[in-house]
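Using my numbering, read the first sequence as starting at 1 and increasing by one per residue.
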Amino acid sequence: MPHPARRRAGPLPFITCVCRYNTQFDFCTPAGNATVIDNPQYKDRMARLEKWRLAGIDPYGRRVDGLISTEQARALHSPNLEDTPHDGGPQARVAGRITLLRDIGKLIFMTIADSSGRLQIGVAKQILGEKFTTAKLLELGDIAWFSGKIGHTKTGEITLWADDFGLATKALLPPPEKFHGLSDTETRYRQRYLDLMANPQSMEIFLARSQIVRDMRDFLHARNFMEVETPMMQSLAGGAAARPFTTHHHALDTDLYLRISPELFLKRLLVGGIERVFEINRNFRNEGIDTRHNPEFTMLELYEAYSDLAGMMELTQTLVAQLAKKRAETLHAKQPPPTPGASGLPQIHLPYGERVIDFTPPFIKKTYAELLWQSAQVDLLDPASIKAGAARHGLENARQADTDVLAGELFERLAEPALAALDQPVFVVDYPAGLCPLTRRNPQQPQLAERFELYVAGMELANAYTELNDPLVQEATFGNQLAGLKEEDSMARMDQDFVEALRYGMPPAGGLGIGIDRLVMLLTNCTSIRDVVLFPQLKPRS
RNA sequence: GAGAUCGUAGCUCAGCUGGUAGAGCAACAGACUUUUAAUCUGUGGGUCCUGGGUUCGAGCCCCAGCGAUCUCACCA
């Protein structure tokens with residue numbers, strides 16, 4: 001089986017060899033990396049590495065059996081200190097990175113960190129015997145395992161008294177400063193591993209993110225949704241309005257786009273008979289980067305046959321409130337809630353930046369028209385009023401542009417800031433139809449579409465609608481878009497295959513998208529998306 | 001795209017009106033059997049982001065560039 005050629009990025013020189021699959025692999029040597037060579041502590045640690053080798057120990061060890069987490073080890077100690085002897089309760093074996101080291105002669109206290117937390121290790125010459133000399137070689141940043149009895153010190157710190165240990169991995173570069181951690185934002189993002197090892201708060205955010213996504217999947221599976229994966233490389237980037245990234249497939253000699261939305265493929269699955277379907281995965285949009293936008297971001301998108309906007313609203317509210325409740329309980333286990341429940345009803349409060357968001361359902365519901373009227377004194381259903389409002393507020397394209405587009409601009413400029421001031425999630429409903437080419441229109445008021453967006457702290461968190469399943473209307477809408485918009489706006493590209501799928505019949509359905517990164521931001525009190533994306537996109541270092 | 005702020009030791013940060021580059025942690029040498037950011041004694045460590053300019057003299061002032069953060073703009 002042929003292997004794809006792999007190349008490691010970076011400024012290092014490459015040595016190319018031919019492996020037995022007759023495929024070229026590149027390996028980089030550390031020799032060319034000036035920043036490493038110039039670091040004097042690197043040389044000191046290289047010397048230490050040799051000492052391990054001279055002691056007959058491979059500084060890059062192998063598998064370690066019988067490990068428990070530091071959290072489990074800690075739990076082996078009885079809650080009452082006196083019930084476990086200070087110098088020896090149950091036997092345990094733990095492993096982790098050495099984050100603190102206090103050498104006081106014939107006794108060394110180390111603090112090791114694993115993904116569950118931290119634990120103090122007592123390394124005493126009296127207990128460890130001859131191996132103590134080797135243990136003295138351990139330094140900050142090394143990864144090691146320790147066996148011993150769980151006890152405590154006279155100050156009450158739960159401690160594993162090591163009777164055996166091993167070096168798992170030697171660290172050749174020093175870890176970040178032990179007390180202040182790593183605060184340089186650029187290094188935190190570019191070398192996230194340093195952030196994770198030095199800043200427990202950062203680790204906690206990504207653990208929380210993982211838990212949130214997992215709970216979301218559980219929630220959807222409980223409602224009989226089926227998870228799927230649809231193409232990320234599409235020959236037409238549809239389902240949203242955004243500039244796509246372009247790439248090229250050599251064998252097919254064809255340009256492809258990274259998807260900006262999975263929508264049109266998920267709806268094809270509705271046609272195929274998958275009645276409840278969801279996907280949690282990346283979308284890619286070639287647009288600006290700021291505290292709320294990363295070029296690749298994770299979306300939950302789901303479709304439910306025989307449902308509609310109201311169904312999506314119930315699902316969204318239940319899901320978001322449930323996730324927020326769990327998060328609040330986690331936080332409140334550590335510290336009391338920011339505000340006490342006022343009315344005796346269960347309250348779900350989470351801190352966000354300077355304020356506290358109340359996720360207690362039901363969420364507020366406001367119509368697009370009423371928000372537009374309050375903020376811009378414009379009547380959504382009166383084109384003349386919109387035109388006048390656009391002119392009044394100095395929109396450049398007030399004369400020629402479509403009134404729904406103008407209303408959308410006024411809404412973003414004037415109504416969204418007002419939404420940002422609210423400390424509760426808000427459903428904005430009844431969007432102008434011209435802004436919703438994939439949405440079913442309101443039968444009573446055809447100018448409006450059956451769509452909502454959920455705003456929290458001024459962020460668009462969710463977007464949902466009653467799906468348009470009439471192929472004739474869909475084709476006409478695509479056609480109108482095609483006529484009116486620029487080439488680079490991908491909604492303007494007619495997806496004939498999708499329209500054909502609709503002709504076979506797509507059940508009436510509700511559809512929903514939730515921005516996972518933004519949801520995690522809200523639930524973990526992060527005001528920048530870069531703090532909830534492990535490796536956010538930054539400019540390459542020159 | 002515009003503005004503001006920032007870039008100094010491995011890390012966290014000082015640096016006065018422009019006058020020989022500083023601290024803590026980390027490192028190195030040593031002491032220490034209950035520490036908790038251990039402590040104590042001693043030592044070494046710098047492309048002050050890069051390139052120009054002004055000046056007798058620039059970490060500091062000026063210009064340009066690179067990178068970052070935030071705000072605004074763009075983004076249905």
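We treat Cβ as the ideally placed atom computed from N, Cα and C, and that holds for glycine. Predicted, not measured: the structure shown is a model, and the values here were computed from it.
Which residues DSSP lists as bridging residue i, in chain order
i, result
"Val-356", "Pro-351"
"Val-147", "Reading off the sequence shown, one finds Ser at residue 147, where the question assumed Val. Ser-147 pairs with Arg-93 and Asp-164."
"Val-533", "Answer is none; Val-533 lacks a bridge partner."
"Leu-302", "Phe-278 and Leu-512"
"Met-233", "Leu-258"
"Met-226", "Val-277"
"Tyr-60", "Thr-169"
"Thr-159", "Gln-120 and Gly-151"
"Glu-296", "Phe-284"
"Arg-188", "Paired residue(s): none; Arg-188 is not in a bridge."
"Arg-102", "Phe-109"
"Asp-290", "His-293"
Residue span of the beta strand (DSSP E) that contains residue i, given as start and end
i, result
"Tyr-455", "448 to 456"
"Leu-107", "107 to 114"
"Arg-118", "117 to 124"
"Ala-462", "459 to 466"
"Asp-430", "426 to 432"
"Thr-439", "First-last for Thr-439: undefined, no H or E at that position."
"Thr-247", "246 to 249"
Own chain residues within Cβ distance below 6 Å of residue i, not counting five before or after
i, result
"Ala-310", "none"
"Arg-441", "Ala-433 and Ala-449"
"Leu-438", "Leu-468"
"Phe-478", "Met-494"
Whole-angstrom distance between residue j and residue i, CA atom to CA atom
i, j, result
"Asn-463", "Arg-192", "31 Å"
"Gly-552", "Gln-317", "In this structure the chain extends from 1 to 542, so residue 552 is not present and cannot be described."
"Gln-424", "Glu-50", "60 Å"
"Val-378", "Val-429", "17 Å"
"Leu-606", "Pro-90", "Residue 606 is absent from the model: the chain starts at 1 and stops at 542."
"Ala-251", "Phe-498", "25 Å"
"Ala-369", "Gly-394", "20 Å"
"Phe-27", "Val-356", "Any answer about Phe-27 is weak, because its pLDDT of 30 lies below 50 and its placement is not dependable; what the coordinates show is given next. One C-alpha to the other measures close to 51 Å."
"Asp-517", "Val-277", "21 Å"
"Pro-536", "Leu-207", "17 Å"
"Arg-48", "Lys-136", "11 Å"
"Gln-496", "Asn-469", "14 Å"
"Ala-198", "Gln-211", "21 Å"
"Met-299", "Ala-391", "36 Å"
"Thr-187", "Gly-56", "36 Å"
"Gly-505", "His-332", "49 Å"
"Met-521", "Pro-540", "25 Å"
"Asn-525", "Thr-134", "44 Å"
Where the alpha helix (DSSP H) containing residue i begins and where it ends
i, result
"Pro-40", "40 to 54"
"Thr-318", "309 to 334"
"Leu-207", "200 to 222"
"Thr-133", "132 to 135"
"Lys-539", "From DSSP, Lys-539 is part of no alpha helix (DSSP H); its letter is neither H nor E."
"Gln-496", "496 to 504"
"Gln-72", "70 to 75"
"Gly-181", "Here Gly-181 belongs to no alpha helix (DSSP H), and DSSP marks it neither H nor E."
"Gly-272", "263 to 272"
Cut-off 8 Å between Cβ atoms - residues of its own chain near residue i, not counting five sequence neighbours on either side
i, result
"Tyr-215", "Looking at the sequence shown, residue 215 is not Tyr but Asp. Cβ within range, chain order: Gln-322, Leu-323 and Lys-326."
"Lys-131", "Asp-164 and Phe-165"
"Thr-70", "Val-94, Gly-96, Ile-112, Ala-113, Asp-114, Ser-116, Gly-117, Arg-118 and Leu-119"
"Glu-552", "The displayed coordinates of the chain run from 1 to 542. Any statement about residue 552 would go beyond what the structure contains."
"Val-426", "Phe-363, Ile-364, Lys-365, Lys-366, Leu-419, Leu-454, Tyr-455 and Val-456"
"His-248", "Thr-254, Asp-255 and Leu-256"
"Trp-373", "Asp-379 and Leu-380"
"Asn-22", "With a pLDDT of 29 at Asn-22, under the threshold of 50, the predicted position of this residue should be treated as unreliable, and no value is reported."
Same chain, Cβ closer than 7 Å to residue i, neighbours up to 5 away in sequence not counted
i, result
"Gly-66", "Arg-93"
"Pro-361", "Gln-317 and Ala-321"
"Pro-174", "Gln-41, Leu-140 and Gly-141"
"Val-533", "Asn-294 and Asp-517"
"Ile-289", "Pro-295 and Gln-537"
"Gln-474", "Leu-468, Val-499 and Leu-502"
- Let me know the beta strand (DSSP E) ranges lying completely inside the segment 357 to 419, each 3 residues or longer, listed in chain order. 364 to 367
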